[in-house]
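With this note's numbering applied, the sequence shown covers 323 to 676. Don't be surprised by glycine CBs; every beta carbon is placed ideally from N, CA and C. In what follows, a single structure is set out as structure tokens and then discussed.
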Amino acid sequence: MALTAATPAAAQSCRTIEERFGEIMGYRQTKDVMILGHRGYWSGYNPRDRLIPENSTGAIEAANNACIDGVELDIKMSADGVPYIMHDFNVGRTTNFPHLQQRRLYNPYADGTNADYNPRVASLSAGTIDRLRLLRPNRVDVSPYTVPRLSGVLQTHMANRWTIPLIFDVKTSDAVRATNSLVRALVPGGRYKMAMKVNATLYQTPGAFEKDAPDMWAIPVFTTNMLGIIHVDNAFNAWFTANAIEVNVKQPWGLMYTLKDRVVDAGKKAAVFHALADENKGNGNFFRNTGECCYKLSDIYYNWKPGFKDTDDRRGNLDFLNGERYGLVTTDDPNGTAKFYRGKGKRANHPGQF
């Protein structure tokens, strides 16, 4: 389904994809904070169409038409190796899967990972996934949007001459390989238009990533829980050749703040996730990556060793992110985030409202 209403931003020329991509990836210098629309431009954060589902072609098209700096899209693999745009590892929260068996929709408060309502993406064939429809943000109404195949998104991007950079959040090595292959095949000059975010636990060195994705660049992602999984300092030093590195510091002087400061002080793009609640926003609830409800940020404070632990998570506070000097922010609210940074003088070369 395509959007037909032109937005104010669409009426004027967006900056080129190569310009914005270079600023996102940190090899094109800008003092402005760059913004990625998390899962596109969708739901209540899109004032022009609050019914667009997350990670839908409509959410990507809306972001493109609004001239948002870029979007972050999630990749998951079907049982037969087809990459799809979907955040959760399971399909219940965002699709009408139970309707295929004449059942009610998935209840994220009660159904857990019951495969009758919420099977894993990796357990379903591409043929089955192609039959699904994405739910509206209220999770009651079914939208006309299908679950996008990555190949379809890339073909649409090229055919419609979209100018928005795509950053793919990829959690598994098979999805990294599949994403690289499709971008190489379908997007001329794709290295300068699209990239991947990958956890440092998946690829501890850029060389390991390049073996699986020789045609794309990566933004390595570091989170505090990785301190107990890998030797973070070694992985960070290996990845320090990258010009954009995501280091999710949760509080002032928090775990890994020295790594984030190294990125900033070297003139690179320090990236972060702007943690806005998914459900019952006043209570700060987030859906799990299975689609189940819910957890709070305080539930996942990481206790590394005595005297070194998370005791707060302020990533939902833009004043905190600004004080930490982040230069690349991934957010569900690109419009509000742009407005905030304009007020701080950090969108001087990226004027206008999304």
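Given 8 Å as the limit, is there contact between the region 339–348 and the region 432–447, that is, 3 or more CB pairs closer than that? At 8 Å Cβ cutoff, the stretches do not touch.
Straight-line CA distance for A564 to V393? Here residue 564 is taken as the residue at index 242 of the sequence shown, counted from 1. Here residue 393 is taken as the residue at index 71 of the sequence shown, counted from 1. About 19 Å.
Are L650 and D635 close, meaning C-beta to C-beta below 7 Å? Start at 1 with the first residue of the sequence shown, and residue 650 comes out as number 328. Start at 1 with the first residue of the sequence shown, and residue 635 comes out as number 313. For the pair L650 and D635, the CB atoms are not nearer than the 7 Å cut-off.
Exposed or buried, which one is K582 when buried takes at least 16 other CB atoms within 10 Å? Taking the sequence shown and counting its residues from 1, the one referred to as residue 582 is at position 260. In summary, K582 is buried, with 16 or more beta-carbon neighbours lying within 10 Å of its beta-carbon over all protein chains present.
With a Cβ-Cβ cutoff of 7 Å, do R361 and E376 count as a contact? Sequence index remark: in the sequence shown, residue 361 carries index 39 (1-based). Sequence index remark: in the sequence shown, residue 376 carries index 54 (1-based). Yes; because the gap between Cβ atoms is below 7 Å, this pair is in contact.
Residue closest to T523, alpha-carbon to alpha-carbon, out of N556, V505, L508, D402: Translated into the one-based positions of the sequence shown, residue 523 becomes position 201. Out of N556, V505, L508, D402, N556 has the C-alpha closest to the C-alpha of T523.
Between which two residues does the alpha helix (DSSP H) holding G392 run? The residue labelled residue 392 in the question sits at position 70 within the sequence shown. Not the alpha helix (DSSP H): G392 falls in the beta strand (DSSP E), residues 392–399.
Chain-order list of residues whose beta-carbon lies under 8 Å from that of A497 (same chain, five-residue window excluded): Position 175 of the sequence shown, counting from 1, holds the residue named residue 497. Scanning its chain for C-beta atoms nearer than 8 Å, with the 5 sequence neighbours on each side dropped, one finds around A497 the residues I397, K398, M399, P405, in chain order.
Residues sharing a beta bridge with C615, DSSP: Here residue 615 refers to the residue found at position 293 of the sequence shown. F609, per the DSSP bridge assignment.
Tell me whether R647 is buried or exposed, calling it buried when 16 or more other Cβ atoms sit within 10 Å of its Cβ. Here the question's residue 647 lines up with position 325 in the sequence shown. If you draw a 10 Å sphere on the C-beta of R647, you find fewer than 16 other C-beta atoms in it, and that means exposed.
Rounded to the nearest angstrom, how far is the Cβ of N412 from that of P459, given a contact under 8 Å? Taking the sequence shown and counting its residues from 1, one reaches residue 412 at position 90. Taking the sequence shown and counting its residues from 1, one reaches residue 459 at position 137. 18 Å between Cβ atoms; not a contact.
Please report how far the alpha carbon of R664 lies from the alpha carbon of I357, in whole angstroms. What you label residue 664 is simply residue 342 of the sequence shown in a count that begins at 1. What you label residue 357 is simply residue 35 of the sequence shown in a count that begins at 1. Their backbone Cα atoms lie some 12 Å apart in a straight line.
Between the alpha carbons of L395 and F490, how many angstroms are there, rounded? If you number the sequence shown from 1, residue 395 lands on position 73. If you number the sequence shown from 1, residue 490 lands on position 168. Each residue's alpha carbon lies about 5 Å from the other.
Bridge partners of M516, per DSSP? The count along the sequence shown starts at 1 and reaches residue 516 at position 194. Per DSSP, the beta bridge partners of M516 are L488.
Taking Cβ positions only, does K515 come closer than 7 Å to chain B? Note that chain B does not occur in the displayed structure, where there is just one protein chain.
Between the alpha carbons of P574 and T546, how many angstroms are there, rounded? Here residue 574 is taken as the residue at index 252 of the sequence shown, counted from 1. Here residue 546 is taken as the residue at index 224 of the sequence shown, counted from 1. C-alpha separation (whole angstroms): 14 Å.
Let me know if L446 comes out buried or exposed under the rule of 16 or more other beta-carbons within 10 Å of its beta-carbon. The residue given as residue 446 occupies position 124 in the sequence shown. Buried.
Less than 7 Å between the C-beta atoms of F608 and N570, yes or no? On the sequence shown, residue 608 is found 286 positions in, with the first residue counted as 1. On the sequence shown, residue 570 is found 248 positions in, with the first residue counted as 1. Their beta carbons are not under 7 Å apart, which means F608 does not touch N570 by this criterion.
Work out the CA separation of N521 and M548 for me, nearest whole Å. In the sequence shown, the residue the question calls residue 548 occupies position 226. In the sequence shown, the residue the question calls residue 521 occupies position 199. Cα to Cα, the separation comes out at about 9 Å.
Own chain residues within Cβ distance below 6 Å of P470, not counting five before or after: For this step, residue 470 is matched to residue 148 along the sequence shown. In chain order, T379, I407 place their CB closer than 6 Å to the CB of P470, counting only its own chain and leaving out the 5 sequence neighbours on each side.
Residue interval of the beta strand (DSSP E) (run including Y467): By 1-based counting over the sequence shown, the position of residue 467 is 145. Element bounds for Y467: 464–468.
4 or more residues per run - each alpha helix (DSSP H) lying fully within the region 522–606: Listed in chain order, they are 528–534, 554–561, 579–587.
Where DSSP assigns a beta bridge to R453, which residues make up the other side? On the sequence shown, position 131 is the one that residue 453 refers to. Beta-bridge pairing links R453 to no other residue.
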